[in-house]
Amino acid sequence: MKFAVKAWSNGGARAGILHLGTSTIHTPSLLLSTRKGLPHFISPDLLSCLPSPESHLLHIKPVEYMEMISSTRPELWATLADEVPAWVSDKRNKTSVDRTIKWLDECISLSPASGAVFGAIVGGSSLEERRRCAQEVATRNVSGISMNKTFVCAIKS
18 MKFAVKAWSN GGARAGILHL GTSTIHTPSL LLSTRKGLPH FISPDLLSCL
68 PSPESHLLHI KPVEYMEMIS STRPELWATL ADEVPAWVSD KRNKTSVDRT
118 IKWLDECISL SPASGAVFGA IVGGSSLEER RRCAQEVATR NVSGISMNKT
168 FVCAIKS
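Residue numbering for the sequence shown follows the numbering used here, starting at 18 and increasing by one per position.
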């Protein structure tokens with residue numbers, strides 16, 4: 018990334034071009050307010066100029082996850098959870114619990130004999146779904162449970 022100054026103003030604002038690989042972006046366009054590091058709006062003409070990011074979400078399947086777990090040979094490992102924010106619908110919350118239990122079942126079936134397994138407990142803001150998830154995890158061959166901070170705070174209150 019290289020910055021080249023094109024103009025200077027007495028008001029203290031800078032104007033220039035930001036070089037990202039083969040693309041250039043005029044810096045006043047980059048002075049947008051951001052939330053979580055992302056601009057609220059990027060106009061379509063600027064969007065085509067932006068380079069595609071090198072990072073992205075990884076979609077990992079239970080087989081791949083268990084290969085990683087097996088290669089590190091931990092004494093303890095936890096299954097992944099389909100976490101959802103507190104404001105989601107009851108249907109999405111139920112889906113979250115179902116996916117987490119399905120993931121747990123697949124990981125246990127692929128699990129090597131070594132290492133203690135902790136099952137994830139989810140359910141968002143729904144006490145019924147958290148209870149259902151905990152009961153389902155308890156029926157599996159797990160050594161313990163893992164839960165996020167929000168869940169622990171909800172139990173205390």
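The beta carbon of each residue, even a glycine, is placed where N, CA and C say it ideally should be.
Query raised in the report: Are the beta-carbon atoms of A103 and S163 separated by less than 8 Å?
Result: no
Query - N-terminal and C-terminal residue of the alpha helix (DSSP H) that V139 is part of - result: Run containing V139: none; DSSP gives neither H nor E here.
Query raised in the report: Which partner residues of W94 appear in the DSSP bridge assignment?
Result: V134
Requested in this report: Assess, as a yes-or-no matter, whether the region 104-112 is touched by the region 126-136 under the definition of 3 or more beta carbon pairs within less than 8 Å.
Outcome: Touching, no, given that fewer than three Cβ pairs across the two stretches are closer than 8 Å.
**Report entry** For E100 and S87, the rounded distance between their alpha carbons
**Finding:** When rounded, the distance between both Cα atoms is 24 Å.
Requested in this report: Classify A155 as buried or exposed, calling it buried when 16 or more other Cβ atoms lie within 10 Å of its own Cβ.
Outcome: exposed
Report task. Could you spell out where the alpha helix (DSSP H) holding S163 opens and where it closes? Result -> According to the DSSP assignment, S163 belongs to no alpha helix (DSSP H) but to the beta strand (DSSP E) extending over 161-163.
Query raised in the report: Mind checking whether W120 and L97 have CB atoms under 8 Å apart?
Result: yes
**Report entry** Neighbourhood of C124 by C-beta distance below 7 Å, restricted to the same chain and skipping five residues each side
**Finding:** P79, Y82, M83, T96
**Report entry** S106, DSSP secondary structure in three states
**Finding:** coil
Query raised in the report: Run through DSSP, which three-state label would T156 get?
Result: coil
Requested in this report: Assign E92 to buried or exposed, taking buried as 16 or more other Cβ atoms, counted over all protein chains shown, within 10 Å of its Cβ.
Outcome: With fewer than 16 other Cβ atoms within 10 Å, it is exposed.
Query - Coarse secondary structure for V101, derived from DSSP in three states - result: coil
Query - Spatial neighbours of R149 in its chain, beta-carbon cut-off 8 Å, leaving aside the 5 residues before and after - result: V114, G140
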